[in-house]
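Right, one structure below, let's go through it.
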């Protein structure tokens, strides 16, 4: 089994950053690291630095789509051509030339470490000796306003590199790959132990995650509706994105909406759109998210919070692929793969009459259950090291590591907030520890090391019954929130009240203000 490498950490190396910036600033090429696991890491900024914006920068940074429906080119397609070349590169390859539609060139410089494969990529230029044909192909895909700006000399440019420029670029690109390989060979290389797997944007080495990754691969290429279930903070949207990324719709839009975050009277308009005059404030026709996701994937997060009336409309779209905009009588048809996600027990909600039974069976054609972090064994250490490396890079910190005692506390904690809680705690540790290289348990939150002081018993003497009940309620809510690491969904479940009611009580007793005081 090959090692999983934290490629993000490699971009922190001073020599790598300097060499990549040299290419970016002098040749205006885009310099990135691409791995066979699907990561793209910027190494030298965008090619426009020091020489004005380049057309490839605009294309890559906006993840734009060029050309008409039948011939359009996406940045995702370009990146996949790099992935493919990286996978197919021979062991002894020093350089691989890739022609990316609609006419850009890229040079790849492969590197390998204990079976893990990646490549440094210099992209976004054309060869000067064949520039005419390449530029004609690129111009044919451009929107008219961009083409006019270029012809007037006001738009982004396409770097043209001659043979000498490319030879110099190859020497620097190969050197970056050599430096990275040397860093990986060092005893402090930011690698993960054998057995870990990276899948799309997820990382895990446990059997539970290996099963989930396998399930995603098996179901992604179907068009079936999927229900993703799991506790808050487990990464339900990441699973949905992984399904989309491995599906036949990967070049189309992925649209996500949180059904709980939109007021009930607005969500129908948000999903299906509306026509002018449909309600107060509808000053123009507006397409909804189903139309935005046409031919792609739509994630309906927190589906358990959807209004019952809207559930009927959703069922119609899933069964027939048709819907009406709010205030309209024109039936519209879409081709959308719907993924629903929830942390609720929908089966129990059906039994209580809170969720339509027919809709439940319709969205649960395939169910993907995400394990809680406490069920994932050694993934806690794996993820903690990954988040520490990523946070250090994001905040400009040096290389850090955990002490053994600190890691023992992290492994022992139950993580009611799951991966999200772990990521937030690691970011906190990376920042608070300052320039310290080793993070020990003294920096951990009190709830993790078990030092949360017991709340004092409330003295009820002198209070009437309503006042005493309010004091007890406040104390129980504070204790529940502390136990759950201030994860309101988990705290509400433990306290036996609804999340909405808990949020109202937190505001009533000003608990957030007290916590941050």
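Residue numbers (full-length UniProt numbering): 1 to 517. Note that the Cβ used here is the ideal one computed from N, Cα and C, for glycine as well.
CA-to-CA distance, residue j to residue i, given in whole angstroms
i: residue 314; j: residue 224; result: 15 Å
i: residue 295; j: residue 43; result: 33 Å
i: residue 108; j: residue 499; result: 51 Å
i: residue 39; j: residue 256; result: 21 Å
i: residue 425; j: residue 398; result: 18 Å
i: residue 276; j: residue 328; result: 9 Å
i: residue 191; j: residue 117; result: Here residue 191 scores only 46 on pLDDT, less than 50, and its place in the model should not be relied on; the value that follows carries that caveat. In a straight line, the C-alpha of residue 191 is about 13 Å away from that of residue 117.
i: residue 388; j: residue 176; result: 24 Å
i: residue 32; j: residue 133; result: 26 Å
i: residue 345; j: residue 112; result: 45 Å
i: residue 18; j: residue 386; result: 24 Å
i: residue 348; j: residue 259; result: 19 Å
i: residue 340; j: residue 152; result: 48 Å
i: residue 408; j: residue 208; result: 21 Å
i: residue 376; j: residue 146; result: 50 Å
i: residue 504; j: residue 140; result: 57 Å
i: residue 243; j: residue 367; result: 12 Å
i: residue 378; j: residue 390; result: 19 Å
i: residue 74; j: residue 173; result: 25 Å
i: residue 297; j: residue 331; result: 21 Å
i: residue 318; j: residue 23; result: 50 Å
i: residue 600; j: residue 358; result: Because residue 600 is not part of the residues shown, which for the chain are 1 to 517, the question remains open.
i: residue 129; j: residue 162; result: 7 Å
i: residue 135; j: residue 76; result: 21 Å
i: residue 431; j: residue 439; result: 11 Å
Per DSSP, cross-strand counterpart(s) of residue i
i: residue 273; result: 287
i: residue 228; result: 341 and 368
i: residue 303; result: In DSSP, residue 303 forms no bridge with anything.
i: residue 125; result: 105
i: residue 242; result: DSSP output for residue 242 lists no bridge partner at all.
i: residue 99; result: 105
i: residue 258; result: 301
i: residue 118; result: 35 and 111
i: residue 417; result: According to DSSP, residue 417 bridges with nothing at all.
i: residue 323; result: 332
i: residue 199; result: 202
i: residue 439; result: 402
i: residue 160; result: 126
i: residue 30; result: 123
i: residue 427; result: According to DSSP, residue 427 bridges with nothing at all.
Residue i burial status per 10 Å Cβ neighbour count (16 or more: buried)
i: residue 361; result: exposed
i: residue 88; result: exposed
i: residue 343; result: buried
i: residue 143; result: exposed
i: residue 154; result: exposed
i: residue 455; result: Any answer about residue 455 is weak, because its pLDDT of 44 lies below 50 and its placement is not dependable; what the coordinates show is given next. Classification for residue 455: exposed.
i: residue 518; result: Past the edges of the chain, shown from 1 to 517, lies residue 518, and the structure says nothing about it.
i: residue 293; result: buried
i: residue 214; result: exposed
i: residue 335; result: exposed
i: residue 462; result: exposed
i: residue 198; result: buried
i: residue 466; result: exposed
i: residue 490; result: buried
i: residue 252; result: buried
i: residue 333; result: exposed
i: residue 106; result: buried
i: residue 54; result: buried
i: residue 287; result: exposed
Expected contact under 8 Å - CB spacing of residue i and residue j to nearest Å
i: residue 29; j: residue 119; result: 14 Å between Cβ atoms; not a contact.
i: residue 323; j: residue 290; result: 6 Å
i: residue 444; j: residue 180; result: Going by Cβ atoms, the distance from residue 444 to residue 180 rounds to 33 Å, so no, they are not a contact pair.
i: residue 227; j: residue 363; result: 5 Å
i: residue 81; j: residue 98; result: 6 Å
i: residue 487; j: residue 416; result: 5 Å
i: residue 337; j: residue 428; result: The Cβ separation is near 37 Å, so there is no contact.
i: residue 79; j: residue 34; result: 7 Å
i: residue 27; j: residue 156; result: At roughly 15 Å, the Cβ-Cβ gap does not stay under 8 Å, so residue 27 and residue 156 are not in contact.
i: residue 239; j: residue 370; result: 6 Å
i: residue 261; j: residue 274; result: Residue 261 to residue 274, Cβ: 19 Å. No contact.
i: residue 480; j: residue 447; result: That belief does not hold up - the Cβ atoms of residue 480 and residue 447 are roughly 12 Å apart, past 8 Å.
i: residue 150; j: residue 102; result: Contact doesn't hold; Cβ gap of about 14 Å is too wide.
Residue-level contact to chain D via CB, residue i, 8 Å cutoff
i: residue 201; result: Included in the structure is just one protein chain, with no chain D present.
heavy atom of the ligand NAD below 7 Å from residue i C-beta
i: residue 177; result: Of the ligands one can find in the structure shown there are none, so the ligand NAD has no counterpart to examine.
With a cut-off of 8 Å, do at least 3 Cβ pairs link the stretch 376-387 to the stretch 219-238? no
Three or more beta-carbon pairs under 8 Å between the stretch 224-244 and the stretch 417-433, yes or no? yes
Would you check if the stretch 469-476 and the stretch 430-441 touch, i.e. whether three or more CB-CB distances between them fall below 8 Å? no
Closer than 8 Å is the cut-off here; do at least three beta carbon pairs connect the stretch 265-272 with the stretch 297-316? yes
Taking 8 Å as the threshold, find out whether the stretch 202-213 comes into contact with the stretch 158-176 through three or more Cβ pairs. no
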